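Heads up: the structure comes next, in structure tokens.
Chains as they are written, first to last, in full-length UniProt numbering: chain A, 1 to 269; chain B, 1 to 245.
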């Protein structure tokens, strides 16, 4: 993690209570010659569900990869659970779900989870129970012994999500976890996310579907690599005089001072 | 480095293979069938079968493990599983040694089948112990695994990675002494063959073929192949990056 001299932070504005789960100041990511993220500053409060919303190509995935420490060329301050993002002790404390399912197509769902559980250091005796619990959480017990490659898109992305639920991470970072899922399952997953948050897990969830915004307690709106707004859904609607977060987003875009020169076009990493 | 994670990785790689019986069958049968083919090609020349057959016993594991590993690790890189694993508490050595263990185990089975058929059924006439053949074959397999892992870092697709097979393996095949004695090559080529690991793999097999005891040359050959495998595994580990663009 590159750390420039401690950035000038507004010390009084920080609530002294719980330290933020994610703390970013002047976060910038360069890919090629493009600034994919430009001077982002925000905090994610612990035990909340924070939505990272923006159109595809806005830099959501890059921000998520920076938080989990897989993104190169990150500058500025980015602390996760009180440590620089990507530092070794965080690897078992942060759960990460990539946008496309990262599971082995030639293993069954259960075998995938069993392997990742071993990598996460879950003791052999507890592994089977942890795997079954994760499969239950994502409602996949009936397909536990199917090859991941034979599952539907939504099912294999749930296997991928189940991997992140193993080992009870303190911070869960999910890149578009509900894309392509039916409404019932989407509701169930959001209920699961809130249950996890109620037990103290912090969730940072990206989505390009604005109607998921109201399921989050806090929102980060990004566009073209810059942070448009960071607030609760209600405050965003009130501040912009809009009925929906989607309208609020559009008003914010229209009132934004100038278009940035670069258009980061790549959405997926 | 963590033994539990290394073994878990090896087990996972073997489980993936277990879902692919056709690949296992090809891995085990093709070397055996090629040896049988070679036996009848040299129908009237048993001495040539002995020397070429022994060399092939060293070359098969290297080539097949190179192919299998390069594809397997390329898939790991492109499917996102590598990025996910490296965001978890998995050491790079755990991953690489896990692969080496799994494919090493497979190579033992493959080399046992090939050596067993060659010595038992095809009367491959070797002066030394078949166990030494097996040892060299295992080290060759590890070298193949290491090379495959390393080159997969430089390929963006399966198309590219299979092209590394003629690029990395064929020159070694031509210069290893299988087609012409290395001492009879143009001196520059002989010098090149002196630094290519497959030359030592084939030399080691030839030592077992000709000498009943473990010779000094055999020990040198084994040490060179093992050293190369470790060196390339280390280089392979260096190509695994936790942070990518």
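C-beta: ideal position from N, C-alpha, C; glycine also. Every value quoted in this text rests on a predicted model; they were computed, and no experiment measured them.
Would you kindly report the start and end of the unbroken beta strand (DSSP E) that includes residue i?
| i | result |
| --- | --- |
| residue 157/A | Unbroken run through residue 157/A is the alpha helix (DSSP H), 153-165; no beta strand (DSSP E). |
| residue 52/B | It is not in any beta strand (DSSP E) - residue 52/B instead sits in the alpha helix (DSSP H) that spans 46-78. |
| residue 206/A | 202-207 |
| residue 47/A | Counting along the chain, residue 47/A falls outside any beta strand (DSSP E), and DSSP gives it neither H nor E. |
| residue 23/A | 22-31 |
| residue 223/A | 218-223 |
| residue 136/A | Looking at the DSSP string, residue 136/A is not in any beta strand (DSSP E); the run it does join, the alpha helix (DSSP H), is 124-137. |
Whose C-alpha, out of the options, is nearest the C-alpha of residue i?
| i | options | result |
| --- | --- | --- |
| residue 175/A | 101/A, 150/A and 90/A | 101/A |
| residue 225/A | 18/A, 28/A and 21/A | 28/A |
| residue 84/A | 95/A, 92/A, 98/A and 68/A | 68/A |
| residue 159/A | 117/A, 120/A and 103/A | 103/A |
| residue 245/B | 46/A, 74/A and 44/A | 74/A |
| residue 123/B | 50/B, 238/B, 75/B and 132/B | 50/B |
| residue 139/A | 126/A, 157/A, 149/A and 127/A | 157/A |
| residue 79/A | 51/A, 48/A, 54/A and 44/A | 44/A |
| residue 204/A | 214/A, 189/A and 220/A | 220/A |
| residue 173/A | 148/A, 201/A and 181/A | 201/A |
| residue 134/B | 153/B, 149/B, 23/B and 110/B | 110/B |
| residue 228/B | 195/B, 237/B, 48/B and 219/B | 195/B |
| residue 135/A | 166/A, 106/A, 120/A and 105/A | 166/A |
| residue 82/A | 22/A, 233/A, 212/A and 39/A | 22/A |
| residue 212/A | 223/A, 49/A and 36/A | 49/A |
| residue 199/A | 170/A, 231/A, 52/A and 145/A | 170/A |
Using only the alpha-carbon positions, how far apart do residue i and residue j sit?
| i | j | result |
| --- | --- | --- |
| residue 11/A | residue 137/A | In this prediction, residue 11/A has a pLDDT of 47, which is less than 50 and means its spatial position is unreliable; what the coordinates show is noted afterwards. If I take the Cα positions, the gap works out to 40 angstroms. |
| residue 86/A | residue 67/B | 33 angstroms |
| residue 16/B | residue 162/A | 19 angstroms |
| residue 81/B | residue 95/A | 14 angstroms |
| residue 139/B | residue 110/A | 33 angstroms |
| residue 186/A | residue 215/A | 11 angstroms |
| residue 21/B | residue 147/A | 14 angstroms |
| residue 26/A | residue 76/A | 5 angstroms |
| residue 35/B | residue 43/B | 12 angstroms |
| residue 242/B | residue 184/B | 47 angstroms |
| residue 15/A | residue 41/A | Its pLDDT being 47, under 50, residue 15/A is placed unreliably in this model, and the coordinates cannot settle the point. |
| residue 19/B | residue 107/A | 7 angstroms |
| residue 268/A | residue 57/A | Low per-residue confidence applies at residue 268/A: pLDDT is 46, beneath 50, and the placement is therefore not dependable enough to give any value. |
| residue 115/B | residue 78/B | 36 angstroms |
| residue 151/A | residue 84/B | 20 angstroms |
| residue 142/B | residue 178/A | 42 angstroms |
Residue range of the alpha helix (DSSP H) that residue i falls in?
| i | result |
| --- | --- |
| residue 227/B | 216-238 |
| residue 144/B | 130-151 |
| residue 106/B | 92-116 |
| residue 122/B | Run containing residue 122/B: none; DSSP gives neither H nor E here. |
| residue 198/A | 183-198 |
| residue 245/A | 245-255 |
| residue 194/B | 187-195 |
| residue 175/B | 170-175 |
| residue 61/A | 60-68 |
| residue 31/B | 21-41 |
Kindly identify the DSSP beta-bridge partner or partners of residue i.
| i | result |
| --- | --- |
| residue 84/A | 79/A |
| residue 309/A | Outside the displayed span of chain A (1 to 269) sits residue 309/A, for which this structure offers no information. |
| residue 174/A | 97/A and 205/A |
| residue 9/B | None; residue 9/B has no bridge partner. |
| residue 108/A | 147/A |
| residue 227/A | 222/A |
| residue 242/B | DSSP lists no partner for residue 242/B. |
| residue 287/A | What the structure shows of chain A is the stretch from 1 to 269, and residue 287/A is not part of that stretch, so it cannot be assessed. |
| residue 53/A | 207/A and 221/A |
Looking at chain B, which residues of the segment 108-121 of chain A have a Cβ within less than 9 angstroms of any of its Cβ atoms?
108, 111, 112, 114, 115, 116, 117, 118, 119, 120 and 121
Going along the segment 69-86 of chain B in order, which residues come within less than 8 angstroms of chain A, judged by CB to CB distance?
79, 80, 81, 83, 84, 85 and 86
Contact residues within the segment 167-197 of chain B, judged by C-beta distance below 9 angstroms to chain A
none
Check each residue of the segment 6-38 of chain B: if its Cβ is closer than 8 angstroms to any Cβ of chain A, include it; give the result in chain order.
8, 9, 11, 12, 15, 16, 19 and 20
What residues from the segment 89-111 of chain B come within 7 angstroms of chain A, judged by C-beta to C-beta, listed N to C?
89 and 90
At a CB distance below 7 angstroms, what residues from the segment 138-156 of chain A approach chain B? Give them in sequence order.
147
For the segment 86-106 of chain A, which residues have a beta carbon sitting closer than 8 angstroms to at least one beta carbon of chain B?
86, 88, 91, 92, 94, 96, 98, 100, 101, 102, 103, 104, 105 and 106
Which residues, taken in chain order from the segment 57-87 of chain A, show a beta carbon closer than 9 angstroms to some beta carbon of chain B?
65, 68, 69, 70, 71, 72, 73, 74 and 86
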